[in-house]
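>
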Amino acid sequence: MSISETANKNHEKLFPNHKSTLKITDPELIEVFDNFAFDEVISYGNLDTKTRLMVILASLIASQTLSEYKVMLGAALNVDVTPIEVKEIVYQSVPYVGMAKAFDFIHATNEILESRGIKLPLEGQSTTSPETRFENGLEVQKEIFGDIIDKMYEAAPANQIHIQKYLSANCFGDYYTRKGLDIKTRELLTFSVILSLGGCEPQLKGHIQGNLNVGNDKETLLNAVTQLLPYIGYPRTLNAIACLNEVIPE
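Residues 1 to 250 in full-length UniProt numbering are what the sequence shown lists, from first letter to last.
1) With 16 as the cutoff for other CB atoms within 10 Å, does G173 come out buried or exposed?
2) According to the neighbour-count rule (16 or more other Cβ atoms, all chains shown, within 10 Å of its Cβ), is P202 buried or exposed?
3) Rounded to whole angstroms, what is the Cα-Cα separation between E219 and M99?
4) Would a check of beta-carbon distances place N213 closer than 9 Å to chain E?
5) From what residue to what residue does the alpha helix (DSSP H) around F191 run?
6) Grab the span of the alpha helix (DSSP H) containing N8 for me, first residue to last.
7) If you draw a straight line from the alpha carbon of P121 to that of P95, how long is it in whole angstroms?
8) Can you tell me the Cα-Cα spacing of S126 and L47, whole angstroms?
9) Assign D34 to one of two classes, buried (16 or more other C-beta atoms within 10 Å of its C-beta) or exposed (fewer than that).
10) Quick test of your reading: V79 and P230, contact by CB under 8 Å. State the CB separation rounded to the nearest angstrom.
11) Would Y69 pass as a contact of L53 if the rule is Cβ separation under 9 Å?
12) Any idea if V97 is buried or exposed, counting beta-carbon neighbours within 10 angstroms, 16 or more meaning buried?
13) Are the Cβ atoms of L189 and I30 separated by less than 9 Å?
14) Whole angstroms is fine: what's the gap from K87's alpha carbon to T109's?
Listed below in structure tokens is the structure:
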């Protein structure tokens with residue numbers, strides 16, 4: 001087997017002039033992986049290159065694969081994912097993976113941006129204040145999920161209502177309201193993060209519906225899952241597809 005012309009072309013677009021040491025030490029594996037990831041899988045669906053790299057970055061954060069993230073971050077910057085977009089991908093992951101898991105990725109992102117001559121900090125993207133974050137976050141929640149948010153507040157026991165308020169003010173008020181990425185993109189990234197975490201199927205189903213509500217249809221979500229397959233493997237891919245089919249039957 002040899003690496004196909006299409007796979008080589010797509011790989012070169014992302015990693016110009018890159019010399020892989022694995023081609024020397026593990027040539028058969030690289031032939032299989034590159035032909036699959038950079039030919040077969042890329043040929044499926046209609047996600048543009050930029051969006052594909054963005055969902056992959058979000059997935060790699062959730063998967064805790066720092067070395068691969070660094071490689072793919074370079075590729076993302078090569079295909080015009082902007083520094084602000086890159087930072088917002090990392091920030092968007094924080095309420096879902098937690099700061100402990102995002103910490104190393106923040107530092108790695110800063111190192112790579114600075115190595116390319118990009119001065120930090122970048123322009124601020126926050127749109128809320130301590131006084132407005134809850135109200136604005138709740139508004140975004142309802143924009144994405146509708147009346148179910150009011151029902152969640154009504155159903156929450158008194159000793160758990162603080163979690164609902166944290167979701168509104170922190171998860172949505174502090175993160176979803178930021179500039180740099182639109183709501184459709186943020187919700188697609190969240191979908192990618194949650195499916196890559198594994199074991200979060202109830203939340204994944206909720207965000208499948210959320211994606212539908214903001215305009216990301218089943219085809220878009222299936223395209224994203226497919227592009228993540230080479231990086232997350234079949235079990236999590238199949239679990240995500242099962243959730244898709246449950247929420248949006250064929």
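Where is the CB? At the ideal position from N, CA and C, for every residue including glycine.
Taking the structure as given:
1) buried
2) exposed
3) 31 Å
4) This model lacks chain E altogether, as it is built from one protein chain only.
5) I183 to L197
6) E5 to L14
7) 21 Å
8) 28 Å
9) D34 should be labelled buried.
10) Contact between V79 and P230 does not hold, since their C-beta atoms are separated by about 17 Å, which reaches or exceeds 8 Å.
11) no
12) buried
13) no
14) Distance from the CA atom of K87 to the CA atom of T109, rounded to whole angstroms, is 7 Å.
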